[in-house]
Each structure stands twice: as C-alpha cells, then as structure tokens.
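Participant: Residue numbers (our numbering): 5 to 174. Quick one: this structure, given as structure tokens, is what I'll be asking you about.
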Amino acid sequence: MKLNVAQLRRAVGSAEEFFFSEGFPALQLGEDEYSFQSPVEVHLVITNTGKSLLVEGKIKCKLGVSCSKCLKDFTYPMSFDFVDEFIPAEYMTANKGNEEAFVFEKDEFVINERIQEHILLHLPMRFICSETCQGLCPQCGTDLNFNSCNCADGNIDPRLAILSKWNKGV
5 MKLNVAQLRR AVGSAEEFFF SEGFPALQLG EDEYSFQSPV EVHLVITNTG
55 KSLLVEGKIK CKLGVSCSKC LKDFTYPMSF DFVDEFIPAE YMTANKGNEE
105 AFVFEKDEFV INERIQEHIL LHLPMRFICS ETCQGLCPQC GTDLNFNSCN
155 CADGNIDPRL AILSKWNKGV
C-alpha cells in the first residue's frame with residue numbers, strides 16, 4: 005500500500021487518516037508459515053510534526069496457526085496499536101540521524117513491509133488454542149483434550165532419576 009503524503013508534508017501540525025483492508029501473502033518465520041484468514045485491516049493517523057511524519061496505527065488480522073500443545077489448526081485473532089516515525093530523506097544528515105526512524109523519499113512511501121514487521125513482532129512465542137488445552141500424551145500421542153490414556157507417568161529419564169529421591173529423606 006502506497007501512502008501519498010504530499011499535502012500533509014506541506015502543512016505542519018496537520019494530520020490525515022488512512023483506512024485500508026488488504027490481503028497479504030503468508031508470513032514465513034523459519035520453518036513455520038502463517039496464512040492470513042482474512043484481509044489485514046489497517047487504520048493509520050499520520051501527523052506532520054515539522055521534521056517528521058508520526059504514524060500511529062492499529063492493525064487487525066486473523067492468522068491460521070497450529071496449537072503448540074495439541075497440533076490442531078485454529079484461527080488466532082490479532083489486534084494491536086503501533087507508532088512509527090518517518091523522516092524525509094532531505095532532513096537526514098550524517099551527524100543528526102535518528103536510528104529509530106524510517107527514511108522516505110519524495111511524497112509517498114510503501115507501508116506494507118512495516119505492517120508485516122509489526123505483525124511478526126506481535127506474534128507469541130507459542131500458539132495455544134485455549135488455556136485449558138492439555139496437549140498430546142508424550143508416550144502414545146493421544147489427544148488428552150478428547151481421550152485419556154493408560155500410559156504411566158513414571159517414565160523418568162535415567163539421567164534425572166536421582167532427583168526423584170530429593171525430598172524423600174534419602
């Protein structure tokens with residue numbers, strides 16, 4: 005999505021709103037791939053602060069993911085706010101660079117890549133389908149959310165067996 009900010013750049017202190025809903029390709033993160041289940045909805049308010057454009061935004065989307073415990077596919081809804089600063093290239097100097105800001109040239113910039121970065125930054129470490137998910141049995145692979153199994157809980161790694169005697173007075 006290209007944002008044309010030509011008029012906004014000429015009026016210090018003014019703000020402009022942008023709304024768009026756009027389909028994005030699946031996100032690739034290592035070996036994992038996350039597909040979008042609906043278009044990504046973006047609401048932006050861009051304010052001209054004089055030397056930069058302050059972009060305040062809200063992103064809403066739904067990702068198709070797999071539960072880390074039971075391996076079932078489910079839809080993970082995301083909704084979050086973000087703030088970015090974009091500086092025109094002519095204001096950047098070798099001595100006065102803002103390392104947290106993004107540089108743009110001319111009167112427009114593409115925001116899609118930055119939106120994808122924000123989505124990646126807001127992903128949890130692990131996806132869990134529900135707080136009550138019990139996952140799979142480590143011995144037989146039974147989904148413990150629907151069935152129980154008769155596997156013994158007593159299989160202890162022999163390297164850690166000494167720890168089982170810890171509080172038993174031995």
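Ideal placement from N, C-alpha and C gives every residue a C-beta, glycine not left out.
Residue range of the beta strand (DSSP E) that N52 falls in?
Facilitator: Working through the sequence shown from its first residue, we reach residue 52 at position 48. Following the DSSP letters along the chain, one finds N52 inside the beta strand (DSSP E) bounded by residues V44 to N52.
Participant: CA-CA distance, I119 and H126?
Facilitator: Position 115 of the sequence shown, counted from the start, is the residue given in the question as residue 119. Position 122 of the sequence shown, counted from the start, is the residue given in the question as residue 126. Rounded to whole angstroms, I119 to H126 spans 11 Å at the Cα level.
Participant: Of the residues G61, T51 and I50, which one's Cα is nearest the Cα of H2?
Facilitator: Because the chain is modelled from 5 through 174, residue 2 falls outside the range shown and cannot be assessed.
Participant: Excluding the five sequence neighbours on either side, which residues of its own chain have a C-beta within less than 7 Å of the C-beta of N99, listed in chain order?
Facilitator: For the purposes of this step, residue 99 is taken as the residue at position 95 of the sequence shown. Residue placement at N99 is flagged as unreliable, the pLDDT there being 38, under the threshold of 50; a coordinate-derived value is accordingly withheld.
Participant: When burial is assigned at 16 or more other CB atoms within 10 Å of the CB, is D176 buried or exposed?
Facilitator: What is shown of the chain runs 5 to 174, which leaves residue 176 out entirely.
Participant: Residues in the same chain with beta-carbon distance under 6 Å from E21, minus the five sequence neighbours each way, listed in chain order, please.
Facilitator: Translated into positions along the sequence shown, residue 21 becomes position 17. V49, listed in sequence order.
Participant: Can you have a look at N52 and say buried or exposed, based on whether 16 or more other CB atoms are within 10 angstroms of its CB?
Facilitator: If you number the sequence shown from 1, residue 52 lands on position 48. So N52 counts as buried.
Participant: According to DSSP, simplified to helix, strand and coil, what is K66?
Facilitator: The residue labelled residue 66 in the question sits at position 62 within the sequence shown. DSSP, reduced to helix, strand and coil, places K66 within a strand of the structure shown.
Participant: According to DSSP, what are the bridge partners of K6?
Facilitator: One-based indexing of the sequence shown puts residue 6 at position 2. K6 is bridged to V114.
Participant: Should L75 go down as buried or exposed, given a rule of 16 or more other Cβ atoms within 10 Å for buried?
Facilitator: Reading the sequence shown from its first residue, position 71 is the one you call residue 75. That one is exposed.
Participant: May I have the straight-line CA-CA distance separating G68 from K169, to the nearest angstrom?
Facilitator: To locate residue 68, count along the sequence shown from 1; it is residue 64. To locate residue 169, count along the sequence shown from 1; it is residue 165. Going from the Cα of G68 to the Cα of K169 covers about 44 Å.
Participant: Within the same chain, show all residues whose beta-carbon is closer than 8 Å to that of S42, passing over the 5 residues directly before and after it, in chain order.
Facilitator: As a working note, residue 42 is residue 38 in the sequence shown. Result list for S42: C65 and K66, in chain order.
Participant: Would you decide whether I160 is buried or exposed? Buried here means 16 or more other CB atoms lie within 10 Å of its CB.
Facilitator: For this step, residue 160 is matched to residue 156 along the sequence shown. Per the 10 Å Cβ criterion, exposed.
Participant: Give the range of the beta strand (DSSP E) segment to which I166 is assigned.
Facilitator: Position 162 of the sequence shown, counted from the start, is the residue given in the question as residue 166. No beta strand (DSSP E) contains I166, which DSSP labels as neither H nor E.
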